[in-house]
Amino acid sequence: MISLPKLRRMAGIGSLMLLSLAAAATPGMCENLLPNGDFEQGEFGWYIFAPQEVKDNCSYARSSDEPQEGSHCGKLNSTVDARYAITNGPRNHVCKPGDRYRVSAWVRAGQDFATGAKTPGFCMRVSLYSQMEGYVDSKAGHFMLGLGNKAYFGKSINPLVPADPVPPTWTKLEGIFELPEDVQKVGVAIFSWNGQGTLYVDDVQLEIVDKSSTLTPLIDSDEKKTDG
Numbered sequence: 321m322i323s324l325p326k327l328r329r330m331a332g333i334g335s336l337m338l339l340s341l342a343a344a345a346t347p348g349m350c351e352n353l354l355p356n357g358d359f360e361q362g363e364f365g366w367y368i369f370a371p372q373e374v375k376d377n378c379s380y381a382r383s384s385d386e387p388q389e390g391s392h393c394g395k396l397n398s399t400v401d402a403r404y405a406i407t408n409g410p411r412n413h414v415c416k417p418g419d420r421y422r423v424s425a426w427v428r429a430g431q432d433f434a435t436g437a438k439t440p441g442f443c444m445r446v447s448l449y450s451q452m453e454g455y456v457d458s459k460a461g462h463f464m465l466g467l468g469n470k471a472y473f474g475k476s477i478n479p480l481v482p483a484d485p486v487p488p489t490w491t492k493l494e495g496i497f498e499l500p501e502d503v504q505k506v507g508v509a510i511f512s513w514n515g516q517g518t519l520y521v522d523d524v525q526l527e528i529v530d531k532s533s534t535l536t537p538l539i540d541s542d543e544k545k546t547d548g
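Following this note's numbering, the numbering of the sequence shown begins with 321 at its first residue and continues without gaps.
The structure is reproduced here in structure tokens:
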């Protein structure tokens with residue numbers, strides 16, 4: 321017969337094991353939720369999105385051409401003026417409204433990269449969806465982040481125009497936002513927005529941060545332009 325003290329010890333060990341398993345299943349703060357955000361594991365985790373009319377002109381590949389860190393980075397290329405993106409998203413992640421996230425990436429333009437006058441050329445989008453299945457946009461829109469860490473919630477790219485040219489040297493973008501109430505699924509998209517040529521990206525991160533973290537100031541509504 322097992323003594324009472326031993327039973328208590330066994331129960332304590334069992335509780336510790338359950339806590340350990342729960343901790344292992346729950347992403348910690350400052351842990352990158354994006355698989356292969358540094359492009360060191362081939363092209364795993366990343367998918368290209370391009371409209372049908374320019375699909376054959378756009379490509380994504382892993383590149384060893386002067387990565388920001390490590391041995392590889394991501395390379396987007398288009399032979400025509402196109403709006404397209406590479407996308408990634410957390411696996412089995414449970415969204416909790418009110419949580420705060422930091423999204424960041426490094427970007428640089430290739431020598432052949434060019435954009436028009438009425439486009440930012442590049443932006444990051446944290447896609448916010450109100451359903452786990454499908455792609456129903458959050459009522460708040462998406463979290464958009466441009467060069468200079470210009471940030472806002474919405475769907476239009478207009479608030480980022482006009483924009484400075486994408487720098488030819490590695491430049492970091494970073495923004496902290498709070499998850500709106502209706503969001504059940506998140507993803508990250510790296511856009512070449514009406515750009516032509518080569519765009520490099522590296523060390524893309526999406527992580528949960530402490531709720532006391534300072535939110536990135538949003539573009540004032542007076543700066544926003546109507547959809548054109």
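Where a beta carbon is used, it is the ideal one built from N, C-alpha and C, also for glycine.
message = Rounded to the nearest angstrom, what separates K459 and A471 at their Cα positions?
response = Locating residue 459 in the sequence shown gives position 139, where the first residue counts as 1. Locating residue 471 in the sequence shown gives position 151, where the first residue counts as 1. Between K459 and A471, the alpha-carbon positions lie close to 17 angstroms from each other.
ask   = How is the beta strand (DSSP E) around F511 delimited, first residue to last?
value = Taking the sequence shown and counting its residues from 1, one reaches residue 511 at position 191. Per DSSP, the unbroken beta strand (DSSP E) holding F511 starts and ends at 505-529.
message = Cutting at 8 angstroms between CB atoms, please list the residues of its own chain near N352, excluding the five before and the five after it.
response = Start at 1 with the first residue of the sequence shown, and residue 352 comes out as number 32. The answer, listed in chain order, is Q525, L526, E527.
ask   = Taking Cβ positions, are K416 and L535 nearer each other than 8 angstroms?
value = Counting from 1 along the sequence shown, the entry for residue 416 is found at position 96. Counting from 1 along the sequence shown, the entry for residue 535 is found at position 215. Taking 8 angstroms as the cut-off, the Cβ atoms of K416 and L535 do not count as close.
Residue burial classification, M464 (beta-carbon count within 10 angstroms, cutoff 16) = Locating residue 464 in the sequence shown gives position 144, where the first residue counts as 1. Around the C-beta of M464, 16 or more other C-beta atoms lie within 10 Å, and the residue is accordingly described as buried.
key: Length of the line joining the Cα atoms of D530 and V400   = In the sequence shown, counting from the first residue as 1, residue 530 sits at position 210. In the sequence shown, counting from the first residue as 1, residue 400 sits at position 80. Going by the C-alpha atoms only, they are around 42 angstroms apart.
key: Sequence-distant residues of the same chain with beta carbon closer than 6 angstroms to K492, five excluded per side   = Numbered from 1 along the sequence shown, position 172 holds the residue referred to as residue 492. Excluding residues within five positions, the ones whose Cβ falls inside 6 angstroms are W426.
message = Going by beta-carbon coordinates alone, are E373 and D523 separated by less than 8 angstroms?
response = Taking the sequence shown and counting its residues from 1, one reaches residue 373 at position 53. Taking the sequence shown and counting its residues from 1, one reaches residue 523 at position 203. One thing to note: E373 has its Cβ no nearer than 8 angstroms to the Cβ of D523.
query = For the beta strand (DSSP E) that contains S458, what are its first and last residues?
reply = Residue numbering aside, residue 458 sits at position 138 when the sequence shown is read from its first letter. That residue, S458, is in no beta strand (DSSP E); it is neither H nor E in DSSP.
ask   = Considering only C-alpha positions, which residue in the set F369, D376, Q361 is nearest to R382?
value = Within the sequence shown, the letter at position 62 stands for residue 382. Answer by Cα proximity: Q361.
query = What's the C-alpha gap between I539 and P479?
reply = For the purposes of this step, residue 539 is taken as residue 219 along the sequence shown, with counting starting at 1. For the purposes of this step, residue 479 is taken as residue 159 along the sequence shown, with counting starting at 1. P479 has its alpha-carbon roughly 8 angstroms from the corresponding atom of I539.
ask   = How should T346 be labelled, buried or exposed, when 16 other C-beta atoms within 10 angstroms of its C-beta is the threshold for buried?
value = Counting from 1 along the sequence shown, the entry for residue 346 is found at position 26. The predicted model places T346 with a pLDDT of 44, which falls under 50 and marks its position as unreliable, so this point remains unresolved.
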